[in-house]
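Peer 1: Have a look at the structure that comes next, please.
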Amino acid sequence: MIRMICLANSWREGGRCIAGIDICSGKWIRPVPPGGGPIPEKRTIVGRKPLAPLNRKPLAPLDVVELDLARPTLSTRYQCENCQIQDWKWRVVDRVEAHVLLPYCGKSAIVLHSYAKVVSPLYLESLAPEGWRSLELVHVTNLFFSRDPRKQNRWQARFSLSRTGPEYLLSVTDPQATERLNNGGRIDKECLVTVSLTEPKKLSHELPELCYKLVAAVIEM
997 MIRMICLANS
1007 WREGGRCIAG
1017 IDICSGKWIR
1027 PVPPGGGPIP
1037 EKRTIVGRKP
1047 LAPLNRKPLA
1057 PLDVVELDLA
1067 RPTLSTRYQC
1077 ENCQIQDWKW
1087 RVVDRVEAHV
1097 LLPYCGKSAI
1107 VLHSYAKVVS
1117 PLYLESLAPE
1127 GWRSLELVHV
1137 TNLFFSRDPR
1147 KQNRWQARFS
1157 LSRTGPEYLL
1167 SVTDPQATER
1177 LNNGGRIDKE
1187 CLVTVSLTEP
1197 KKLSHELPEL
1207 CYKLVAAVIE
1217 M
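Sequential numbering from 997 applies to the sequence shown in this note's numbering.
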């Protein structure tokens, strides 16, 4: 049984992507169904202490969830954090404060392999599998949001990690942040941001298959 600090319950095609930090090892893990692919949204509504039939809510960032996972496997290429779900008896046993996560933040201005919003599978193929990373937590002090011109009621996040570093503009797949922004709410400029790298996707005939970076969670400090 693993205890994981949830750092993402984000949209993905066909369901949700769950990810977080294994408290014991301090490493990223991404629970995936036995056949791979998304987690059904109904499975992300989990019981909480004290356990009761009505004490069930969607899994949220900063929740500590107890779940049974197999060891990491490359069930999805380039996503070495993936761990196969052994059963669906998940429960939330605790919750942490955002500042507890600062030691897990990336220390470089390069987020997930590159300064761009995409990573080429050809580049990832040049690395040993143990060098692949598809999840990163970053501490941002200059976070801004704008509407995604390509998708109704969706948003993009803009930030940089240093004064001279590159600026990232990434699509937001965090349902809670999206709902808040759509309702006119504000989100602080200082946040912890979970960035996730997708499987290779071909979005148009003009572009090759690429892995896209997404803002999977926005956690205010």
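Note that beta-carbon positions come from the ideal geometry of N, C-alpha and C, so glycine has one too.
For the putative contact between Cys1002 and Pro1036, defined by C-beta atoms under 8 angstroms, what is the C-beta separation to the nearest angstrom?
Peer 2: Not quite, the Cβ-Cβ distance comes to about 17 angstroms (not below 8 angstroms), so this is no contact.
Peer 1: Please report how far the alpha carbon of Pro1099 lies from the alpha carbon of Lys1045, in whole angstroms.
Peer 2: 27 angstroms
Peer 1: Using CA atoms only, rank isn't needed, just tell me which of Asp1184, Ser1158 and Arg1143 is closest to Gln1152.
Peer 2: In terms of CA proximity to Gln1152, Arg1143 leads the group Asp1184, Ser1158 and Arg1143.
Peer 1: For the alpha helix (DSSP H) containing Leu1120, name the first residue and the last one.
Peer 2: Pro1117 to Glu1121
Peer 1: Which residues share a DSSP beta bridge with Asp1018?
Peer 2: Met1000
Peer 1: Please list the terminal residues of the continuous alpha helix (DSSP H) segment that includes Pro1171.
Peer 2: Pro1171 to Asn1178
Peer 1: Going by Cα to Cα distance, which pick from Trp1024, Val1028 and Asp1059 is closest to Gly1010?
Peer 2: It is Val1028 whose Cα lies nearest to the Cα of Gly1010.
Peer 1: With burial defined as no fewer than 16 other Cβ atoms inside 10 Å of the residue's Cβ, what is the status of Ser1021: buried or exposed?
Peer 2: exposed
Peer 1: With DSSP collapsed to three states, give me the class of Glu1037.
Peer 2: helix
Peer 1: Asp1083 to Arg1026, Cα distance in whole Å?
Peer 2: 14 angstroms
Peer 1: Using a C-beta cutoff of 7 angstroms, does Lys1185 count as contacting chain C?
Peer 2: Looking at the structure shown, chain C is missing, and only one protein chain is on hand.
Peer 1: Where does Leu1098 sit, in a helix, a strand or coil, going by DSSP?
Peer 2: helix
Peer 1: Once you ignore the five residues that flank Ser1116 on each side, which residues in its own chain have a CB closer than 8 angstroms to its CB?
Peer 2: Pro1204, Leu1206 and Cys1207
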